[in-house]
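Here's the structure, in structure tokens; my notes come after.
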Amino acid sequence: MRKFLFYLSFAFWLGFFSVHAQDSISVAKLDTLTTKELPLKPGRQVNFNTTEGTWISVDVSPDGNKIVFDMMGDLYQIPVSGGKAERITSGMAYDVHPRYSPDGKSLVFISDKNGADNVWIMDLESKEMEAISEDKNQNFFSADWSPDGDYIVAARGRRNIKLHLYHKRGGGGAKLVEEPKDLKMIDPAFSPDGKTIYYSRRTGGWNYNAQFPQYQIGTYDMEKSEVATITGRYGSAFTPTPSPDGKWLVYGSRFESQTGLVIRNLDTGNEEWLAYPIQRDEQESIATLGVLPAMSFTPDSKNLIVFYGGKLHNIDIAQKSAKEIPFEVDLKLDLGPEVLFDYPIEDNETEQVTQIRDAVPSPDGSKLAFTALNRLYIMDFPEGTPKRLTKNDFTESHPAWSPDGNSIAFVSWEGDGGHIYSVGANGRNLKKLTNTKAVYSNPAWSYKHDRIVFTRGSAYEYTSGSRIDGTPGREDLAWIPSEGGDLTFIEKSKGRIYPHFTKIDDRIYLSDDDKLISIRWDGTDEKTLLSVKGITPFGSSDARPHMLPEINISEADDKASKPSEIRISPDGKTAIAKINNDIYTMVVPRFGQTAKISLASIDKASFPANQLTEIGGEFPAWGSDSRKVHWSLGATHFVYDLELAQVHNDSIEKLKKKRKEEEKSKNGDEKAEKDKDDKDELESFKATEYKVDLSYKKDIPQGVALIKGGRIISMKGDEIIENGDILIENNRIVAVGDSGSLDVPNNAKVIDATGKTIVPGFVDTHAHMWPSWQVQKNEAWMYGANLAYGVTTTRDPQTSTTDVLTYSDMVDAGMIAGPRIYSTGPGVGYWAYNLKDKEHAKRVLKQYSEYYDTKTIKMYLTGNRQMRQWIIMAAKELELMPTTEGGLDFKLNMTQLIDGYPGHEHSLPIYPIYKDVLNTAAEAKMAVTPTLLVSYGGPWAEEFYYATEEPYKDKKLQNFTPYEELAQKSRRRKAWFMPEEHVFSKHAEMMNQLIEKGGLVGVGSHGQLQGLGYHWELWSLQSGGMDEHRALKAATILGAESLGLDGDLGSIESGKLADLVILDKNPLENIRHTNTVRYVVMNGRIYDASNLDEIHPKPRQAPKANWKMERPENLPGIEK
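Per mature numbering (1 follows the signal peptide of the UniProt record, and there is no 0): the sequence shown = residues -21 to -1, 1 to 1099.
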């Protein structure tokens, strides 16, 4: 056995560690624990034999006779010469990165057996297992033994991972390095003398479009607790692997566009290449399984066992030669149940609105004002019929009642600017109150003065589309007389929003990040009343940057959730806060200081507080009497009576106290029966729900059209009709056949498609379009751009806000031209939750199934494995089809595949992918949308197109894209890469192989360049060796199937919806011909794709695009 020479103070280290020998878990006990901590029961099983694998970490036993490795979350052993693999772990848990103990009797590995990543030890003889760490909210990347076998070093953390030292018998362990906070330390490996830990180090979690180097080899001195960097290669240096004799250090590095192994002589410092090329490294993503798969020297230090090319290899160090180590695995994987549903599209004449927004009660509580479909409504509350208050044809938002209840103020958006209006509660006396166009928001009526306070911003920015986040400007805080007139500027808002008032003083209250503040009318004397924070979620808060541009990420000091808004009650005694889409109340103490209130644990808050929502809530508002809190979800309005709630809660406390006293005198059977009888009595107080009954007429065109004489690529199998006709009645296809073979009515509009090619409407399964939020618009340029480029169905798998629900209704109602708008709503996890159990997950998901009717959800990196299993179990029960965020995390991706999630967004960050993953994904029917324009694990594909195309000069793109948007994206780019540096065609290879095996693949443009970006994504997908017809399948029928919509969309067949693209050129000859769209047919309406003028059934020009701006021409200036 190798001696462990720890030259450090053992007295210091032993103070950190406590012994937990009793924690050892037998195999029999483990089944019970797994059932409890990993609650998902397998519903399917995948079985196949393989002699290759993906990203396999290996280790050699100390006697040199065996190799242990991981594959698809199970651990296997084979003889060092190769052979049939013996599986040594199994089940739903994901076990990775095994390392033999120095005596060869145990393994250390990373597993989520107890619901979250932890370090585990297995006794190889008894198969007993022990969890060395007991975390529920941390990630573990890998672990390694100290040479004496007493200690384990592990890479642990949430974003910027640090090294932690554990004793093999348990204890809390110790973090070896605290600073700098943005230092990431992974791939730890002890030197054979125990004095040094080698590791891969970098600054920050990762970078998109990464520039090299990313990693270098670091060392941690076990005597001095000092770190150092010992490499400086351009191609980075990572996954250090020392030899047992202390002479060699092997590590990975990139040379040009491929990865190799470098060997360093630790005595002389000389280095040379040992193997090249090998497995592509993962230095351009999170690398949760290491920057390279773990490798291992043989005990004599003469050979290196390493994985690449899907196989295991034995490299002779002296000869620099390699031979394959053959292995064979009978892969048997338990998978979660199938969660696939069909969502038929009905041709109903009317449809209920999906969302009401900004609902506010009148001062006497008898009426409710709100907006729906971007128009202002009022109703007698709660049983009245909603009625429009005006006949305006522009946006009406943010209603606010006058203190006397006679009038309602609201803001408008009228294409090129907006105003504040007031209107009587009876619909009379509509009046414009402001004199200057701007984007106005959140008006509030003062109780003390005839004044209305509001925030406002630049009309130009909001018109031109230059605000990337889609929200209205809130640069200024100002007021106007309630009868209208000149504006009085108070001061710059500086992020302070939602102005409102109390009845007890004459100050303006504002929500400012996590604080509730107040100021005087002149902007002075700012006072902070409250500082509020919520739970600290695990998972999603670390991952939101996946939605953002390239950024170097570091961990926040305080991960607690912050309120999106705080509002004080009219009587000044209580405040409501919306945090993570839940609504809370808290007492507002006034004692000359800022009250700091944490709502992470309500019963421990510094002042009385309560969580009002069970399933979430939006648009919180106070009733005028400060007794009731209002909010909405979808088209349902909720009212929570605080006084009744207090009475209810007091009665519960009394009942609990009584029960506690009675329990002392009851036997077990009596107590169980009593608990059952009293269950309803102990339920918490719930808000009252009111469904708002408001419907709109769906836009279903009336008329008959014949598209005649085109090549029809129907996607009905491999069918291609070289000269065919398509007959459309209203919004459905009624017949398809050879040209001249159909029975055509005399009144049919004939579209000559001679020489053209017709394909089903394109389906974008990952379409971030994000039109303006909060103060919405009656036009959405990104919808028009996508429609003009042939995209007729979209699914946004992360909308950040719920504005999309109203926009989708407006498209269905014919108020905005665009594709079909499907979405998941905000990702489950983007609204951060710490899920407690499956029932909690069901309550969260009810937002989507019952109130938003999204049909699909996105599980957005939510919590640990246990929580993610609760979500898919709840989704199945609620008939929601979930997709998942890739998150640059291959380990996470594989656990989601095993748990049965039917969708995956973004490319897998590693390459290549082999049979183990491909077969499993295909058989599981996990639909993968790789979004290659934002490739994971390498440069974004969009950079290739910006470097090789000239999108700024594309006249069609200019016609459908605001100047500010197009110029920002295409005139000056931050990155350039040699063609061979790009990874998208490599990822596309996997997509081609997946379809070959019967899997599902979608095309998702990620909103990178609206319209044309879809074609870039499709071309990228085809670049991996996919033939043109298969690529078109991914763009149409496979995409529709992945969304549960293939019963009505995705192919050109009788009975399906008339969504078609008519192309001037044949994409089967060249996939780039998809960008020759002549006409687009959406729901039976036929548009000229160059300008979206309607051709059928009602010929008319497209509405004026208010966002278009004139070029600065014919003006004074330098003569050209």
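Ideal Cβ placement from N, Cα and C applies to all residues, glycine included.
Since we're looking at a predicted model, the values are computed, not measured.
Same chain, Cβ closer than 6 Å to residue i, neighbours up to 5 away in sequence not counted
{"i": "SER36", "result": "ASP49, HIS76, PRO272, ALA273"}
{"i": "PRO798", "result": "ASN765, LEU766, VAL770, THR771, THR772, THR773"}
{"i": "THR68", "result": "ASP53, LEU54, ASP74"}
{"i": "PRO776", "result": "HIS745, THR803, LYS837, THR862, GLU884"}
{"i": "THR908", "result": "THR744, HIS745, GLU884, GLY981, GLY983"}
Local conformation of residue i per DSSP, three classes
{"i": "THR481", "result": "coil"}
{"i": "ILE1050", "result": "helix"}
{"i": "GLY150", "result": "strand"}
{"i": "ASP878", "result": "coil"}
{"i": "ARG569", "result": "coil"}
{"i": "LYS670", "result": "strand"}
{"i": "GLN590", "result": "strand"}
{"i": "TYR426", "result": "coil"}
{"i": "ARG950", "result": "coil"}
{"i": "ARG1009", "result": "helix"}
{"i": "ILE1097", "result": "coil"}
{"i": "HIS819", "result": "helix"}
{"i": "GLU238", "result": "Here the sequence assigns Thr to residue 238, which means Glu is not the residue at that position. DSSP places THR238 in strand when its eight states are reduced to three."}
{"i": "ASN938", "result": "helix"}
{"i": "SER381", "result": "coil"}
{"i": "LYS366", "result": "strand"}
{"i": "TYR925", "result": "helix"}
{"i": "VAL402", "result": "strand"}
Residues near residue i in its chain [Cβ-Cβ closer than 7 Å; skip 5 each side]
{"i": "MET846", "result": "LEU814"}
{"i": "ASP895", "result": "THR29, GLY32, THR33, MET50, MET51, LEU310"}
{"i": "THR374", "result": "ASN353, SER391, TRP392, VAL754, GLN755, LYS756, ASN757"}
{"i": "ALA1014", "result": "PHE741, VAL742, VAL982, LEU997"}
{"i": "THR899", "result": "VAL25, MET51, LEU312, LEU876"}
Element boundaries [alpha helix (DSSP H), containing residue i]
{"i": "MET761", "result": "760 to 767"}
{"i": "ALA796", "result": "Premise fails: ALA796 is in no alpha helix (DSSP H) and is neither H nor E."}
Distance between residue j and residue i (C-alpha atoms, nearest Å)
{"i": "GLU1032", "j": "PRO1078", "result": "26 Å"}
{"i": "PHE27", "j": "SER121", "result": "28 Å"}
{"i": "HIS246", "j": "PRO223", "result": "Per the sequence shown, residue 246 should be read as Asp rather than His. Taking the straight line from one Cα to the other gives about 14 Å."}
{"i": "GLY502", "j": "GLY436", "result": "18 Å"}
{"i": "ALA404", "j": "LEU368", "result": "8 Å"}
{"i": "VAL754", "j": "PHE433", "result": "13 Å"}
{"i": "PHE234", "j": "SER949", "result": "30 Å"}
{"i": "GLN1080", "j": "ASP782", "result": "27 Å"}
{"i": "GLU303", "j": "PHE286", "result": "10 Å"}
{"i": "LEU508", "j": "SER472", "result": "18 Å"}
{"i": "GLY463", "j": "ALA417", "result": "15 Å"}
{"i": "PRO805", "j": "LEU1024", "result": "21 Å"}
{"i": "PHE939", "j": "GLY763", "result": "7 Å"}
{"i": "GLY842", "j": "GLU818", "result": "16 Å"}
{"i": "ASP868", "j": "ILE296", "result": "32 Å"}
{"i": "SER886", "j": "ILE165", "result": "23 Å"}
Neighbourhood of residue i by C-beta, 8 Å cutoff - its chain only, sequence neighbours within 5 removed
{"i": "residue 1106", "result": "This structure cannot settle anything about residue 1106, because the visible part of the chain is limited to -21 through 1099."}
{"i": "VAL339", "result": "LEU347, ALA348, PHE349, PRO378, ALA379, TRP380, ALA600, HIS609"}
{"i": "GLU960", "result": "SER236, GLY917, PRO918"}
{"i": "ALA727", "result": "VAL683, ALA684, LEU685, LEU706"}
Residues bridged to residue i [DSSP beta-bridge criterion]
{"i": "TYR145", "result": "ILE131"}
{"i": "GLN258", "result": "The partner list for GLN258 (beta bridge, DSSP) is empty, contrary to what the question assumes."}
{"i": "ASN244", "result": "TRP227"}
{"i": "MET1061", "result": "ARG1064"}
{"i": "ARG407", "result": "None; ARG407 has no bridge partner."}
{"i": "residue 1113", "result": "Only positions -21 to 1099 of the chain appear in this structure, which leaves residue 1113 out of reach."}
Contact test: residue i Cβ vs the ligand MN heavy atom, cutoff 8 Å
{"i": "LEU578", "result": "Questions concerning the ligand MN fall outside what the structure shown contains, since it holds no ligand whatsoever."}
Continuous beta strand (DSSP E) stretch holding residue i: start and end
{"i": "GLY916", "result": "From DSSP, GLY916 is part of no beta strand (DSSP E); its letter is neither H nor E."}
{"i": "VAL982", "result": "Per DSSP, VAL982 belongs to no beta strand (DSSP E) and is neither H nor E."}
{"i": "ASP782", "result": "Per DSSP, ASP782 belongs to no beta strand (DSSP E); it is in the alpha helix (DSSP H), 782 to 791."}
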